Amino acid sequence: MDLDALYARLEHDDSPEHWLVLADALVEAGDPRGELIQLQHAARDGDAAAHGRAQAFLQANAVALVGTPLVDGLELSWRHGHVSAARLSPQLDAAARAKILAELLGHPGNRLLRHLVLDGPPGDLARNLFHDTFGALAAQGVVAPATLRSLQLGRGREENDGYWFYDFFDEMRLYDALGGLWRVFPQLSSLRIDTGASNVELGEVHAPALRELEWVVPRLSQEAVEELAQAAWPSLERLVLWTGGELLVNTREDLLYRAAIFEGELVDDDEQEWSDGTIDDPARLDALFARVDDTPTLTTLGLCNFVGSWQALAASASGHAFWGRLHTLDVSHGELGDDAVEGFARACGTARGLRTLVVDGLRIDERALDALRAALPGVALEGEPQREASLEDVERERFLYVVTQE
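For the sequence shown, the numbering used here assigns the number 901 to the initial residue and increments by one for each residue that follows.
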């Protein structure tokens, strides 16, 4: 049977029966994936013996199945005998990552790989991890399979959901660049950058298939905003940027240390040293807004943890063409005071297509929240706003705490 036709049929027939037909065809073609599909199918009902046979077969035929040995630091998710997602842990340096990725992405059997996670810098604070990885892959001419549409760089928020100010941020910050990324992943439709305390250079962004970009960063630099303003992303639908009012705490011990220093008192904003990199002025986003004006597909915009005036930002944004196309506006983890609600709601009211306002982690009191709901009756408020917290709350909630600059 025609294997390409059977694979193409998966787009509209994902039934177990079709997978078993594909398995028979693969066995006939001498492809070990066929037997693995059959073994995993037999193990799906909780048959421990069948599961053991499938695992043993996978281990014995790893290189033939995946293209690379199953080394520590490589995690694979399987579906019907094929790798559907892969993750490379931070313990692998750039050279090891490039080698594994070249084998993984270049193997014809991984034609159904859809999602890839590359963890951020390892504990030794190595710099240029992604720059060196993507550079090596691009130099070898490696191109990801067309099915791989989703890429995540780093897992900062997943590993460290708590944020804290620290004044040695600039000393600890890493540097990286993504220059070769678009040559290796030309069909990418979803990119999430979450590399913690790193300055990341995007380089020239040519992403014709990109539909969503989320960039989680302790402090988004003005250089990054200017790079985004030059991006070529004609299909972009969702852009969420963490503009920089919160700084990532590296460890639980670091948070404990900070709590001990302040002896139970909340951090005084006056004691913090902020660099010019913090995006707090709407005028600093004008070039990006102008670029978004030229992206007619964009309907979701997020400017999370914005540290300036949301009233002023909304008033500035409402003068742009994209504002009328928005369906969703994400203001998570920022702050909206009583005095700003009326002006902010007035600006949001001019976005005629707005249906959802994401307020997850937003610092806003109940009175202001009620006023916002009343002023925007046709807009759904999504997420949980942040209540005032104490250091006792921090302990009770596993030391997860957010402080936002006023």
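Glycine included, each C-beta is placed from N, C-alpha and C at the ideal position.
Given the structure is predicted, the values throughout are model-derived calculations rather than measurements.
Ranked by how close their Cα comes to the Cα of Gln1286, the residues Asn1205, Cys1248 and Asp1239 have Asn1205 in first place.
For Ser977, there is no enclosing alpha helix (DSSP H); the residue is found in the beta strand (DSSP E) stretching over Leu974 to Arg979.
The beta carbon of Ala956 lies closer than 7 Å to none in the same chain, with the five residues before and after it left out. Pro1021 has its alpha-carbon roughly 7 Å from the corresponding atom of Thr1095. In the DSSP assignment, His982 falls within the beta strand (DSSP E) that extends over His982 to Leu988.
Minimum Cα-Cα distance from Pro1086 among the listed residues Gly1054, Val1116 and Gly1041 corresponds to Gly1041.
Exclusion of the five residues before and after Leu906 leaves His918, Val921, Leu922 and Ala925 as the residues of its chain whose Cβ lies within less than 8 Å of its Cβ. It is roughly 7 Å from the alpha-carbon of Ala1240 to the alpha-carbon of Trp1210.
Taken atom to atom, the span from the alpha-carbon of Trp1082 to that of Glu1266 is near 45 Å. Taking the Cα positions, Gly1054 is about 17 Å away from Ser1089.
Along the segment 1222 to 1286, the beta strand (DSSP E) occurs as fully enclosed runs of 3 or more residues at 1228 to 1230, 1256 to 1258 and 1280 to 1282, listed in sequence order.
Between Ala1187 and Gly1224 a beta carbon distance of about 20 Å is seen, past the 8 Å cut, so the two are scored as non-contacting.
If you ignore the 5 residues before and after Ala1221, its C-beta comes within less than 8 Å of the C-beta of Asp1193, all in its own chain and listed in chain order. The residues Leu1005, Asn1010, Arg1011 and Leu1013, in chain order, have a CB closer than 7 Å to that of Pro1045 in the same chain once the five nearest residues on each side in sequence are set aside. Rounded to whole angstroms, the separation of the alpha carbons of Gly1243 and Arg979 is 50 Å. Asp1230 is a Cβ neighbour of Leu1201, given a cutoff of 8 Å.
Across the structure, His1031 and His941 are spaced so that their CA atoms are roughly 40 Å apart. Counting along the chain, the unbroken beta strand (DSSP E) around Glu1112 starts and ends at Glu1112 to Trp1115.
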